[in-house]
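With our numbering applied, the sequence shown covers 26 to 692.
Okay, so here's the structure we're looking at.
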Amino acid sequence: MNNQTEAPASCLAASVLLFTLAVVPLAHGAGNIIEWADPATGGTWSTGSNWIDGSAPAGGSGTADAGLLGNATANRIVILDTTTSSSFLAGVLFNQTSAFENRLEMRRAINLTGASVSDAINLGASGGGSTVLRIETRNEATGGYQSQTGGTALIAPGGINVNAGGSLVWARLFSSAASGVPQYANTPIVVDGGSLIVEKALKTSAFSGTTMTYTNNGSLSLKSGLVEIGRSSASLPDGYAEVSSTTLRITGAYTQEGGVLDIGPDSGGDLRFQVEGNFTVNGGVIDDHGRGDGNGSNIMLLGATNTIASGVTLNTVSFDLQSNSAQSLTSGVALNRLTLRNGEKTIAVTAPGQNIGRISFTQSANNGTTSLRLDSDLTLKNGAWIEASSLGAPGGSDNTVNFTIDTNGHALDATAGAFDLTHSSATSVSTTNWRVTGGGTVTAKSFNLTRATTTSIGAATTLVATEDGGANDLGGGGTIDATSRFVYDGGAGTSATLQSDRAIGALAVGSGTLAITGSSDFAAQGGITVASGATLALGSRTVDTAAWTIGVGPGAFGSVTSEGSLSLSGDSLTLSLGAGVGSGNYTLFDANLSGTLASVSVVGSWVASLTENGGIWTGTDGLASFSFDQFTGILSVSVVPEPSAVAAFAGLGTLAFILCRRHYGKR
């Protein structure tokens with residue numbers, strides 16, 4: 026790929042310096058800088074006549090020569106072939122100042138550990154030209170290629186700088202059944218205006234493999250320019266086809282300040298970017314051409330700390346946190362699919378609105394735990410869901426996986442998608458245990474906690490269901506903490522339902538109608554609250570709870586209905602009265618009530634502790650009086666206006682009388 030952008034002045038100065046060094050020996054007892062002879066014609070590196078002094082750069086560690094590919098005056102390809110006498114070189118130097126391509130194709134392993142004339146391989150050009158270093162390996166020795174099924178293709182401790190006009194290309198040919206792949210480089214790589222191109226590997230029918238991983242044992246920094254994973258070869262040799270999976274693996278850190286990280290420019294195949302150090306993206310673009318959501322491209326992160334800044338443009342690429350140790354991912358932009366594998370994963374997404382797609386949990390260790398820990402509020406995108414994935418399923422004696430959602434005091438909003446805590450779909454898993462903890466809030470259309478082996482709800486954690494007509498089931502295995510809450514906050518449409526064959530924490534009906542169903546009686550350890558205007562329909566279920574709170578507002582009140590008997594024996598009742606509640610009778614319980622309440626109190630706009638006499642609870646607060654009949658479930662409120670209000674009404678009445686007299690007096 027040619028890049029016509031001018032090289033920075035510092036790069037040009039370095040190129041001029043290297044060209045000047047071509048006429049003197051290397052320092053430190055090393056060999057010489059030997060320059061390619063013909064500016065317009067390429068050839069093989071090992072042919073001595075292709076070099077100015079009649080011999081190719083050679084030598085051993087500490088004594089090797091450096092090869093200089095000076096300015097090409099026509100498109101030129103030099104092939105560093107397998108017959109080159111030594112794998113050691115002191116350097117590979119370029120000096121391109123005219124509008125042509127100066128290309129070196131490396132087909133054998135090269136070690137630049139010896140005496141070096143510069144700190145790095147500098148790829149760049151001016152004058153509209155380009156320099157290309159193409160590292161193409163093969164799994165058999167043929168056509169000038171060294172057989173490389175292991176080891177390292179290029180060792181360059183000084184690094185590779187890919188500047189404007191420069192390209193670093195990695196490619197692979199599988200032409201025999203031999204397996205194994207070399208490490209492509211052992212060097213830090215900086216892309217600043219140029220491009221790193223990772224091609225899809227090619228294979229013949231003799232090779233049965235389907236994957237190719239290009240590994241750099243070092244860091245990768247993208248300042249500007251392009252890093253491209255999965256480009257198709259410009260030409261497909263007869264008898265070759267592309268492998269289906271291509272991965273670029275970086276064992277060090279990845280940083281991006283600008284430019285484009287392009288995963289999957291050409292259609293087809295499974296394309297991945299694996300970073301084993303920290304992943305830091307402060308600017309630029311990450312583009313997968315809409316291939317994300319598990320459909321062929323993702324970024325696999327193994328570093329402890331991973332960050333994406335708010336100014337980054339992010340396409341649909343999926344992220345996969347793979348380390349067995351704790352990891353964090355903080356993003357200022359919305360994320361697509363997120364896969365969590367093994368260990369605790371702390372996630373923060375500060376982008377507003379729907380900011381995260383599907384979240385998949387997977388665990389590869391028998392009886393291991395994968396945890397999602399919220400470090401911000403998260404809101405699922407339309408159609409997204411939370412799931413137990415079949416990937417990385419463990420083996421072992423009990424085949425158990427454990428998944429935890431630690432809300433950490435934050436809100437997880439799944440109303441645009443689904444909160445689906447299922448059994449792992451992996452065939453080897455027999456037990457799937459879920460825990461939802463952290464004292465935060467999870468909001469969804471509805472909840473079904475029966476689908477996994479166990480689903481436990483931790484202390485002070487709230488589940489909020491919002492769907493009219495939604496079916497909720499909090500039964501199943503595991504425990505529900507008494508301090509947790511289930512809240513139904515639906516509309517005025519179809520009644521939602523709730524059933525549970527185990528005791529839940531607190532139940533609150535914030536709006537709409539919630540009907541208790543199922544064949545089991547219902548127990549709410551933390552009490553039951555019915556807000557003003559909401560209805561709890563018990564049907565024929567008996568209810569075990571110790572505390573009731575019923576809301577009463579102006580023109581509306583909470584209601585509990587039952588088709589059978591309802592015992593209030595030993596329970597407490599709190600009447601929450603809002604501002605503007607007037608005198609009147611309010612049927613809070615429409616049921617056949619029995620038993621004596623332990624206490625009745627009024628809170629809100631008035632505060633009073635009522636006392637019982639013959640099943641009638643009475644009390645006052647100022648000029649307001651309250652009476653609750655525990656047999657009929659009716660609350661009576663009598664509100665006497667304040668004296669100032671009485672005087673005002675009297676004054677209005679007098680004024681009306683005077684005006685009326687005047688009107689009729691004129692007739």
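Just so it is clear, CB atoms sit at the ideal spot from N, CA and C, and this is done for glycine as well.
Worksheet entry | Under 7 Å between C-beta atoms of A571 and L591 | On the sequence shown, position 546 is the one that residue 571 refers to. On the sequence shown, position 566 is the one that residue 591 refers to. At a Cβ-Cβ threshold of 7 Å, A571 and L591 do not count as neighbours.
Worksheet item: In this structure, does DSSP put G503 in helix, strand or coil?
Response: Along the sequence shown, one-based indexing puts residue 503 at 478. Here G503 sits in coil by DSSP.
Worksheet entry | Where T395 falls, given that 16 or more other Cβ within 10 Å makes a residue buried | For the purposes of this step, residue 395 is taken as the residue at position 370 of the sequence shown. Classification for T395: buried.
Worksheet item: Is it right to say G116 is buried, meaning 16 or more other beta carbons lie within 10 angstroms of its own, or is it exposed?
Response: Working through the sequence shown from its first residue, we reach residue 116 at position 91. Per the 10 Å Cβ criterion, buried.
Discussion item. Suppose you measure from the CA of A649 to the CA of V662; what does that come to, to the nearest Å?
Written reply: Looking up residue 649 in the sequence shown gives position 624. Looking up residue 662 in the sequence shown gives position 637. A649 and V662: Cα-Cα distance of roughly 7 Å.
Fill in: Under 7 Å between C-beta atoms of V310 and V342
Reading the sequence shown from its first residue, position 285 is the one you call residue 310. Reading the sequence shown from its first residue, position 317 is the one you call residue 342. Cβ distance not < 7 Å, so V310 and V342 don't count as in contact.
Practice prompt. Could you check which residue in L296, G294, L251, F386 has the C-alpha nearest to that of G283?
Written response: Working through the sequence shown from its first residue, we reach residue 283 at position 258. Comparing Cα-Cα distances from G283 to each of L296, G294, L251, F386, the minimum goes to L251.
Worksheet item: Out of curiosity, what's the CA-to-CA distance linking H448 and G149?
Response: In the sequence shown, counting from the first residue as 1, residue 448 sits at position 423. In the sequence shown, counting from the first residue as 1, residue 149 sits at position 124. Roughly 54 Å separates the two Cα atoms.
Worksheet item: Counting Cβ pairs closer than 8 Å, one from the region 256-266 and one from the region 296-305, do we hit at least three?
Response: no
Fill in: Distance CB(G693)-CB(N349) smaller than 7 Å
As displayed, the chain neither begins before 26 nor continues past 692, which places residue 693 out of reach and without an answer.
Worksheet entry | Run of the beta strand (DSSP E) containing E369, from where it starts to where it stops | Here residue 369 is taken as the residue at index 344 of the sequence shown, counted from 1. Taken as a continuous stretch (DSSP letters only), the beta strand (DSSP E) holding E369 covers 368-374.
Worksheet item: Roughly how many angstroms separate the alpha carbons of T519 and N473, rounded to a whole number?
Response: Along the sequence shown, one-based indexing puts residue 519 at 494. Along the sequence shown, one-based indexing puts residue 473 at 448. Between T519 and N473, the C-alpha separation is close to 19 Å.
Worksheet item: R274 and T238 look like a contact to me (Cβ under 8 Å); what is the Cβ gap, rounded to whole Å?
Response: Translated into the one-based positions of the sequence shown, residue 274 becomes position 249. Translated into the one-based positions of the sequence shown, residue 238 becomes position 213. Confirmed, Cβ separation roughly 5 Å.
Worksheet item: If you check the beta carbons only, do Y279 and L245 fall under 7 Å apart?
Response: For the purposes of this step, residue 279 is taken as the residue at position 254 of the sequence shown. For the purposes of this step, residue 245 is taken as the residue at position 220 of the sequence shown. Yes.
Worksheet item: With which residues is V555 paired in a DSSP beta bridge?
Response: As a working note, residue 555 is residue 530 in the sequence shown. Looking at the DSSP assignment, V555 forms a beta bridge with V534, I575.
Practice prompt. Give me the Cα-Cα distance between F386 and A196, rounded to the nearest whole angstrom.
Written response: In the sequence shown, the residue the question calls residue 386 occupies position 361. In the sequence shown, the residue the question calls residue 196 occupies position 171. Rounded to whole angstroms, the gap between the alpha carbons of F386 and A196 is 34 Å.
Worksheet item: Exposed or buried, which one is G85 when buried takes at least 16 other CB atoms within 10 Å?
Response: Residue mapping note: residue 85 aligns to position 60 of the sequence shown, counting from 1. With fewer than 16 Cβ atoms within 10 Å of its Cβ, G85 is classed as exposed.
Worksheet entry | Counted within 10 angstroms of its Cβ, other Cβ atoms place V49 as buried (16 or more) or exposed | Here residue 49 refers to the residue found at position 24 of the sequence shown. Note that V49 scores 42 on pLDDT, short of 50, meaning its location in the model is unreliable and no value can be drawn from it.
Worksheet entry | Unbroken beta strand (DSSP E) run spanning L118, endpoints | Reading the sequence shown from its first residue, position 93 is the one you call residue 118. Where L118 is concerned, the enclosing beta strand (DSSP E) stretches over 116-119.
Worksheet item: Around the Cβ of T480, are there at least 16 other Cβ atoms within 10 angstroms (buried) or fewer (exposed)?
Response: Against the sequence shown, residue 480 aligns to sequence position 455. T480 is buried by the Cβ-count criterion.
Item to complete: Identify whether N361 lies in helix, strand or coil by the three-state DSSP scheme.
Response: The sequence position of residue 361 within the sequence shown is 336, counting from 1. DSSP places N361 in coil when its eight states are reduced to three.
Practice prompt. Can you tell me which of the three DSSP states N22 falls into?
Written response: Absent from the structure is residue 22, since the part of the chain shown begins at 26 and ends at 692.
Worksheet entry | Integer-rounded CB distance, given that L94 should sit under 8 Å from N127 | By one-based count along the sequence shown, residue 127 stands at place 102. By one-based count along the sequence shown, residue 94 stands at place 69. The beta carbons of N127 and L94 sit about 6 Å from each other, so the pair counts as a contact at 8 Å.
Practice prompt. Under 8 Å by Cβ, that's how I've got N147 and N186 pegged, so tell me the actual separation to the nearest angstrom.
Written response: Within the sequence shown, residue 147 is the residue found at index 122, counting from 1. Within the sequence shown, residue 186 is the residue found at index 161, counting from 1. Contact holds; Cβ gap of about 5 Å.
Worksheet item: Which of the three DSSP states, helix, strand or coil, is assigned to N75?
Response: Here residue 75 refers to the residue found at position 50 of the sequence shown. Collapsing the DSSP output to three states places N75 in a helix.
Worksheet item: Where V467 and E412 are concerned, what is the direct C-alpha to C-alpha distance, given to the nearest angstrom?
Response: Here the question's residue 467 lines up with position 442 in the sequence shown. Here the question's residue 412 lines up with position 387 in the sequence shown. The straight-line gap from Cα to Cα measures roughly 15 Å.
Worksheet item: Taking the alpha carbon of T425 as the point to measure from, which residue in H435, A436, S450 has its own alpha carbon closest?
Response: As a first step, residue 425 must be located in the sequence shown, where it is residue number 400. T425 has its Cα closest to that of S450, out of H435, A436, S450.
Worksheet item: N331 bridges to which residues according to DSSP?
Response: On the sequence shown, position 306 is the one that residue 331 refers to. Bridge partners of N331: F304, L354.
Practice prompt. Go ahead and pull the three-state DSSP assignment for D400.
Written response: Looking up residue 400 in the sequence shown gives position 375. Coil.
Worksheet item: Which of the three DSSP states, helix, strand or coil, is assigned to A196?
Response: Here residue 196 refers to the residue found at position 171 of the sequence shown. Note: A196 maps to strand in three-state DSSP.
Worksheet item: By DSSP, does N458 sit in helix, in strand, or in coil?
Response: Translated into positions along the sequence shown, residue 458 becomes position 433. Strand.
Worksheet entry | Top-ranked residue by Cα proximity to Q208, from S151, I135, A259, G190 | Position 183 of the sequence shown, counting from 1, holds the residue named residue 208. When only C-alpha atoms are compared, the closest one is I135.
Discussion item. Among T612, I575, L618, whose alpha-carbon lies nearest the alpha-carbon of L600?
Written reply: Locating residue 600 in the sequence shown gives position 575, where the first residue counts as 1. Of the listed residues, the one whose Cα sits closest to L600 is I575.
Discussion item. Distance check for R133 and V103, CA to CA, integer angstroms please.
Written reply: In the sequence shown, counting from the first residue as 1, residue 103 sits at position 78. In the sequence shown, counting from the first residue as 1, residue 133 sits at position 108. Spanning the two alpha carbons is a distance of roughly 13 Å.
Discussion item. Please report the distance separating the alpha-carbon of M26 from that of V157.
Written reply: If you number the sequence shown from 1, residue 26 lands on position 1. If you number the sequence shown from 1, residue 157 lands on position 132. Legend: pLDDT at M26 = 40, less than 50; position of this residue unreliable, no value from coordinates given.
Worksheet item: Going by alpha carbons, who is nearest to W573 out of A562, R566, V585?
Response: As a first step, residue 573 is located in the sequence shown; it is residue number 548 there, counting from the start. Nearest C-alpha to W573: V585.
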